[in-house]
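Asks: Under full-length UniProt numbering, think of the first position of the sequence shown as 1, with each following residue one higher. This is the structure, below, for whatever I ask next.
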Amino acid sequence: MKLESFISKDDKRKIDIIRLLEEATDFSYLKVNLQEQMGLSDFLFDKTMSELIHDFESYQIDQFFQLEIDKFEVHLTEAYQATSDLLLENYLRNSQGFEILLAIFEGKLKSVNDYALDHYSSYTNIYKQVQQIKKEFKPYGIELDKQYRLVGNECNLRMVLTRIFKFAYPNQLTLYSEELIQRLDDSLIELSKHEGFNLAENVKSLYRHYLALAIMRNKNGFERAAYENNQQRIIDNLTAAYPNKIGHLNAVLERAFGTELMEADRQDILSLLYVNQGFDSVVDQKVFIGKRITRLNERLIQSFIDAWGSHSSDKLVQVFNDFNRIHYEAIYFPLNTLYSFERFDMTFFKDSYFEYFTFCQKYLSDQSFLKSEDLLDARIYLFSKYLLTFIMYIPMEEISEPLSVCIDFSFGQQYNQFIARNLSFFINFVINITNVADDQTDLVITDLNKLYDKRHSEKILWLAPPRATDWANLAKRLIEIRAGKRK
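What follows is the structure, given as C-alpha cells:
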C-alpha cells in the first residue's frame, strides 16, 4: 500500500522532489533537470521550493533538512538523522485523507455531507476522499458499508491499519487509551524476560499497533475468523517446534488481555513475531511446518544446488528454516508485503552479489509457477527475502570465482600488508592477494606509475595513503572485472 495515496497532490510533488535530491549522488540537482523531470514551470518550481522550506520549519524538522537554492542548482543538506519518510509522516498525519480514515476507524463519520459541514469543506472534496479510501482498501477485500464502517477481510484490515498507523504514529499511541497502552507495554516487558525473544523497536511497534487494533475491533464487534485448517496445522507444528517460547507468549497474552483476545488473535501475534523474527527460531535440524511450504522450500533449494552445486548440510538447514518463515509470511500472514518496495534500490545487490541476484531473478521469472502458487503479487518481496537469505548463509567463495589482486607499493612489504588487511572489508568479493603479478593476476594496486605498463593485468594507481575516492574507484573496478569474468 502506498501511503502517498492519502496526501494531497501538492504534498506528493514535494515528497517526490525531496526523494530525488535524497537519492542523488551529492544530494544535488540542476534546476533545469529537476524541473524537467517533475514537469514544473518556473512559477510552480519556485512555489514548491518555498513551501518545502516552510514545511521543514513548521514541522520542526529543519534541524534534519535544509534546502540551498541558487541560480542553477538545488542542494539538500542532511544531518543524517532522518530520511524523507519523516516528511511523509508529517504530510500523512496532517492530510485530510488520513483524518477521514481516522474518522471512519473511530466511527465518527456518519454522513459525508455532515462531515463536510463540520470540517468546513465541500461535499465533493470529502466524497472524493472517501472514494479514494475505498479504492485503496478494495484490493485487500475490505469495503465501506452503508454506515461507513470498514468491513470484509478482518485479518487484512488489521494488517493494513497496522501498516498505516505504525507509520503515522511510530512513537505515539494516541489512538489508544492510556490504560491499554500501559498493558501493551507491560506485556512487552514480560515477553522480554524470556531469553528467546528478540524484540527490536520495530517489532515492538508492530506488536503494539496490531494488538491494540485487534482488541478495539473485537470490542466493536468485528472479530477475526478462526484459522483455516492448513494454517492451524502450521501453528500447531510451530508450537511443537518451539514449545517454551510460544508457551511463554500465550501465558503473557492471557494474563494481560484475557478474554479480550480470541484464539485467532493470539495466533496472529504468534505469526507476527514469527515472521518478524521476534523470537529465536534457530535450531540445528529442519523444522517441517506444512506440506506446501516444505515443497516450496525444497524446490527453491534444489534449484540453487542445480545452479551452484551442493553446500554444507548445516547451512542448508538454516536456509530451509528461513524459507519456512518467508513462505509462511507470503502465503498466510503477509503483513510486511504491504510495505512498498518500489524505492528499495537493488543496484548495490546486483553489483555486489551478482550470482545470488541473477539466480533469484531467474527463479522468480517463472510466472506460471508463481500464479499456480498464488505468489505472483508477492514476487518483489520474495525476491528481496530469497536474496538476503542466500547472502546470509551461503558464503560468496562457494559460488563466485576469485579475483587475483597484486599489491605492490614503493613503501615496501609492510605497507603492502597494511593495504591487504584493509581489503578484507570488501566482504562481497572473493579476493586472492599476492605481491607478485603473473598471468593469472586480474588487477594490480600500486603507486608505481610505469613499472606495470607492460603487464596484461589491469592496474589502478593510488596515492599513499589512499583517499576515499581511491577505495571507491577500486570497488568500481573490481565490480567491472568480476562482471567481465562472467561473460
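Beta carbons: idealized from backbone N, C-alpha and C, even for Gly.
Do residue 27 and residue 34 have their C-beta atoms closer together than 9 Å?
Replies: The count along the sequence shown starts at 1 and reaches residue 27 at position 27. The count along the sequence shown starts at 1 and reaches residue 34 at position 34. In this structure, residue 34 does not lie closer than 9 Å to residue 27 by Cβ.
Asks: Could you tell me the alpha carbon to alpha carbon distance between residue 142 and residue 268, rounded to whole angstroms?
Replies: Within the sequence shown, the letter at position 142 stands for residue 142. Within the sequence shown, the letter at position 268 stands for residue 268. Going from the Cα of residue 142 to the Cα of residue 268 covers about 18 Å.
Asks: Can you tell me which of the three DSSP states residue 449 falls into?
Replies: Along the sequence shown, one-based indexing puts residue 449 at 449. Residue 449: coil per DSSP, three-state reduction.
Asks: Could you give the first and the last residue of the continuous alpha helix (DSSP H) run that contains residue 274?
Replies: Stepping through the sequence shown from its first residue, residue 274 is reached at position 274. It spans 263-275 - the alpha helix (DSSP H) in which residue 274 sits, taken as one unbroken run.
Asks: Taking the beta strand (DSSP E) that residue 29 falls in, what are its first and last residues?
Replies: Here residue 29 is taken as the residue at index 29 of the sequence shown, counted from 1. 28-30 is the span of the beta strand (DSSP E), which, as asked, contains residue 29.
Asks: Helix, strand or coil for residue 145 per DSSP?
Replies: Mapped onto the sequence shown, residue 145 falls at position 145. Note: residue 145 maps to coil in three-state DSSP.
Asks: Quick one: what does DSSP say residue 73 is sitting in, helix, strand or coil?
Replies: Locating residue 73 in the sequence shown gives position 73, counting from the first residue. Strand.
Asks: Tell me whether the beta-carbon of residue 31 lies closer than 9 Å to the beta-carbon of residue 72.
Replies: If you number the sequence shown from 1, residue 31 lands on position 31. If you number the sequence shown from 1, residue 72 lands on position 72. Going by C-beta atoms, residue 31 is nearer than 9 Å to residue 72.
Asks: Tell me the residue span of the alpha helix (DSSP H) that contains residue 252.
Replies: If you number the sequence shown from 1, residue 252 lands on position 252. Segment 243-257, the alpha helix (DSSP H) holding residue 252.
Asks: Provide the residue(s) that pair with residue 78 in DSSP beta bridges, ordered along the chain.
Replies: Numbered from its first residue, the sequence shown carries residue 78 at position 78. Answer by DSSP bridge pairing, in chain order: 65.
Asks: Starting from the C-beta of residue 211, find all residues in its chain whose C-beta is less than 7 Å away, skip the five residues before and the five after it, and write them out in chain order.
Replies: Position 211 of the sequence shown, counting from 1, holds the residue named residue 211. Same-chain partners within the cutoff: 184 and 269.
Asks: With DSSP run on the structure shown, which of helix, strand or coil describes residue 408?
Replies: In the sequence shown, residue 408 corresponds to position 408, counting from 1. Of the three classes helix, strand and coil, the one that applies to residue 408 here is strand, per DSSP.
Asks: Would you mind working out which of 139, 437 and 146 sits nearest residue 157, comparing C-alpha positions?
Replies: Looking up residue 157 in the sequence shown gives position 157. Among 139, 437 and 146, the Cα nearest to that of residue 157 is on 139.
Asks: Measuring only the C-alpha atoms, how far is residue 110 from residue 44?
Replies: Your numbering for residue 110 matches position 110 in the sequence shown. Your numbering for residue 44 matches position 44 in the sequence shown. Distance between the alpha carbons of residue 110 and residue 44 is about 38 Å.
Asks: Return the CA-CA distance between residue 374 and residue 362, expressed in angstroms with no decimal places.
Replies: Counted from its first residue, the sequence shown places residue 374 at position 374. Counted from its first residue, the sequence shown places residue 362 at position 362. So the two alpha carbons sit approximately 18 Å from each other.
Asks: Could you tell me whether the segment 284-291 touches the segment 234-246, where touching means 3 or more Cβ pairs closer than 8 Å?
Replies: Because the criterion of three Cβ pairs below 8 Å is met, the segment 284-291 and the segment 234-246 touch.
Asks: What does the Cβ neighbour count give for residue 353, buried or exposed, with the cut at 16 atoms within 10 Å?
Replies: In the sequence shown, residue 353 corresponds to position 353, counting from 1. So residue 353 counts as buried.
Asks: Tell me the rounded alpha-carbon separation between residue 378 and residue 301.
Replies: As a first step, residue 378 is located in the sequence shown; it is residue number 378 there, counting from the start. As a first step, residue 301 is located in the sequence shown; it is residue number 301 there, counting from the start. Each residue's alpha carbon lies about 19 Å from the other.
Asks: Closer than 8 Å is the cut-off here; do at least three beta carbon pairs connect the segment 177-194 with the segment 97-116?
Replies: The answer is no - the segment 97-116 does not touch the segment 177-194, with fewer than three Cβ pairs under 8 Å.
Asks: Could you give the uninterrupted runs of the alpha helix (DSSP H) lying entirely in the segment 95-174, keeping only those of 4 residues or more?
Replies: Counting whole runs of 4 or more residues, the segment 95-174 contains the alpha helix (DSSP H) stretches 96-105, 112-118, 123-137 and 154-168.
Asks: Between 316, 248, 242 and 310, which has its C-alpha nearest residue 281's C-alpha?
Replies: Position 281 of the sequence shown, counted from the start, is the residue given in the question as residue 281. Here the closest residue by C-alpha is 242.
Asks: What does the alpha-carbon distance come out to for the pair residue 339 and residue 78?
Replies: Position 339 of the sequence shown, counted from the first residue, corresponds to residue 339. Position 78 of the sequence shown, counted from the first residue, corresponds to residue 78. Distance between the alpha carbons of residue 339 and residue 78: 24 Å.
Asks: Does the beta-carbon of residue 17 have 16 or more other beta-carbons within 10 angstroms, so that it is buried, or is it exposed?
Replies: For the purposes of this step, residue 17 is taken as the residue at position 17 of the sequence shown. Label assigned to residue 17: buried.
Asks: Can we say the segment 358-372 touches the segment 314-328, given the rule of at least three CB pairs closer than 8 Å?
Replies: These segments do not touch.
Asks: Drop a sphere of 10 angstroms on the beta-carbon of residue 330, count the other beta-carbons inside from all chains shown, and report buried for 16 or more, exposed for fewer.
Replies: Stepping through the sequence shown from its first residue, residue 330 is reached at position 330. Flag for residue 330 reads buried.
Asks: Less than 8 Å between the CB atoms is what I'm expecting for residue 459 and residue 444, so what's the real figure, rounded?
Replies: Residue mapping note: residue 459 aligns to position 459 of the sequence shown, counting from 1. Residue mapping note: residue 444 aligns to position 444 of the sequence shown, counting from 1. At roughly 4 Å, the Cβ-Cβ gap stays under 8 Å, so residue 459 and residue 444 are in contact.
Asks: Going by CA-CA distance only, name the one from 193, 58 and 319 that's closest to residue 283.
Replies: To locate residue 283, count along the sequence shown from 1; it is residue 283. The shortest C-alpha separation from residue 283 is found at 319.
Asks: What would DSSP say about residue 288, mapped onto helix, strand or coil?
Replies: Position 288 of the sequence shown, counted from the first residue, corresponds to residue 288. Residue state, collapsed to three classes: coil.
Asks: Buried or exposed: where does residue 392 fall if 16 or more other Cβ atoms within 10 Å of its Cβ makes it buried?
Replies: Against the sequence shown, residue 392 aligns to sequence position 392. Exposed is the call here.
Asks: Which residues does DSSP pair with residue 434 in a beta bridge?
Replies: Reading the sequence shown from its first residue, position 434 is the one you call residue 434. 406.
Asks: How far does the alpha helix (DSSP H) with residue 92 in it reach, from first residue to last?
Replies: Translated into the one-based positions of the sequence shown, residue 92 becomes position 92. Note, residue 92: alpha helix (DSSP H), 84-93.
Asks: For the beta strand (DSSP E) that contains residue 23, what are its first and last residues?
Replies: Here residue 23 is taken as the residue at index 23 of the sequence shown, counted from 1. No beta strand (DSSP E) holds residue 23; the alpha helix (DSSP H) holding it covers 9-23.
Asks: Which of the three DSSP states is assigned to residue 444 in this structure?
Replies: For the purposes of this step, residue 444 is taken as residue 444 along the sequence shown, with counting starting at 1. In the structure shown, residue 444 sits in a strand (DSSP, three-state: E or B).
Asks: Count the other C-beta atoms from every protein chain shown that fall within 10 angstroms of the C-beta of residue 328, then say buried if there are 16 or more, exposed otherwise.
Replies: The residue given as residue 328 occupies position 328 in the sequence shown. Buried, by the Cβ-count rule.
Asks: Got a sec, what are the start and stop residues for the alpha helix (DSSP H) residue 53 sits in?
Replies: The sequence position of residue 53 within the sequence shown is 53, counting from 1. 42-58 is the extent of the alpha helix (DSSP H) around residue 53.
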